[in-house]
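**Q** Have a look at this one before I ask anything.
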Amino acid sequence: MYTDLRAFVEALERAGELLRVTEPVDPVLEIVQRADRESKSRCHGLGSAGSQRTDPEFCAFGGKALLFENPIGSDIPVLINAFGSYKRIEMAIGGRGLEEIAEQIAGLVKPEPPRSLSEALGKGKQFAPLLKIGPKRSKKRGVCQQVVRTGEGIDLTRLPILRCWELDGDFASMGYPADVNGDIAGLGHPEINDAEWNDRYRGRFITLAGVHTIHAGDRDDPKPKSHNIGMYR
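Using our numbering, the first residue of the sequence shown is number 1, and each one after it goes up by one.
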């Protein structure tokens, strides 16, 4: 297994599963267009025999992972299509086939009762890894906290946030007036005019899973009527 994403990227490169893109590429439409084309191309290496049996039609596709080192407007690289093939998924979870892992999980969920003392000892070894499954807490700063920005230092425009579709963020295409959010305070950027914001940042999304949200108009209500838990962009 890999201690962090950097270690996984290095492993992908050693395996010939990574393409580095050094020229400037725009996060607005261009990166995802390249990633889409790459994901539909032949993969560098096939996954396990099980993946080929399970998905014979698409097991040979997925291209390579792409690392865009110089996204326009940001000094943060973009890794995309990292898990776009069976081979890379299996690398990420320890190099074993998905069928093998499924069988192991099935054995833990519905174990067969031991028929002898030796089998009981074997079952003990089988379940021993579950003792380490809980989260590990550390008082040390994680690698992901090498750079921490708070307060006025927070600026999401520094991130190479992707825009995936040319109509993303286009209120008119959804039947709404352009100023539908005009009465909501805090939108936009204090140093970017509306025209530039609409051109460069409209429709660029970060996907967040398991987020609890309410409508802005209910923010002061202790029991808001509008609330959702789901995946948001």
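Glycine is no exception: its CB is placed at the ideal position from the N, C-alpha and C atoms.
Would you verify that the beta carbon of Glu103 is, or is not, closer than 8 Å to some beta carbon of chain B?
**A** No chain B is part of this structure, which consists of one protein chain only.
**Q** What would DSSP say about Thr54, mapped onto helix, strand or coil?
**A** helix
**Q** Less than 8 Å separating the beta-carbons of Ser85 and Gly50?
**A** Taking 8 Å as the cut-off, the beta carbon of Ser85 is found no closer than this to the beta carbon of Gly50.
**Q** Spell out the partners DSSP gives Asn228 in its beta bridges.
**A** Bridge partners of Asn228: Thr213.
**Q** As an exercise, report each continuous beta strand (DSSP E) stretch of at least 3 residues that is fully enclosed by the stretch 2-27, in chain order.
**A** Assignment of beta strand (DSSP E) within the stretch 2-27, counting only whole runs of 3 or more residues, yields 18-21 in chain order.
**Q** When you compare each of Leu46, Arg53, Ser118, Asp75 to His60 by their alpha carbons, which one comes out closest?
**A** In the sequence as presented, His is not what sits at residue 60; that position holds Ala. Ranking the options by Cα distance to Ala60, first place goes to Leu46.
**Q** Can you name, in chain order, every residue of its own chain whose Cβ lies under 7 Å from the Cβ of Arg202, other than the five neighbours on each side?
**A** Shown here for Arg202: same chain residues with a beta carbon closer than 7 Å to its own, the five before and five after excluded, namely Gly169 in chain order.
**Q** Please name the residue or residues paired with Ala128 in a DSSP beta bridge.
**A** Answer is none; Ala128 lacks a bridge partner.
**Q** Does Met1 pass the burial test, meaning 16 or more other C-beta atoms within 10 Å, or should it be called exposed?
**A** exposed
**Q** Out of Thr157, Ile214, Arg204, Pro177, which one is the CA nearest neighbour of Pro190?
**A** Out of Thr157, Ile214, Arg204, Pro177, Thr157 has the C-alpha closest to the C-alpha of Pro190.
**Q** My understanding is that Arg34 touches Leu66, with C-beta atoms under 8 Å, so please give their C-beta distance in whole angstroms.
**A** 7 Å
**Q** Go ahead and label Arg163 buried or exposed: buried means 16 or more other beta carbons lie within 10 angstroms of its beta carbon, across all protein chains shown.
**A** buried
**Q** Going by beta carbon distance, what residues of the same chain come within less than 6 Å of Leu79, once the five residues before and after it are set aside?
**A** Leu67
**Q** With C-beta atoms as the reference, is Glu17 less than 8 Å away from Lys87?
**A** yes
**Q** Just to confirm before moving on: does the CB-CB distance between Ile161 and Arg219 stay below 8 Å?
**A** Cβ distance not < 8 Å, so Ile161 and Arg219 don't count as in contact.
**Q** Taking DSSP as the reference, what is the three-state secondary structure of Leu167?
**A** coil
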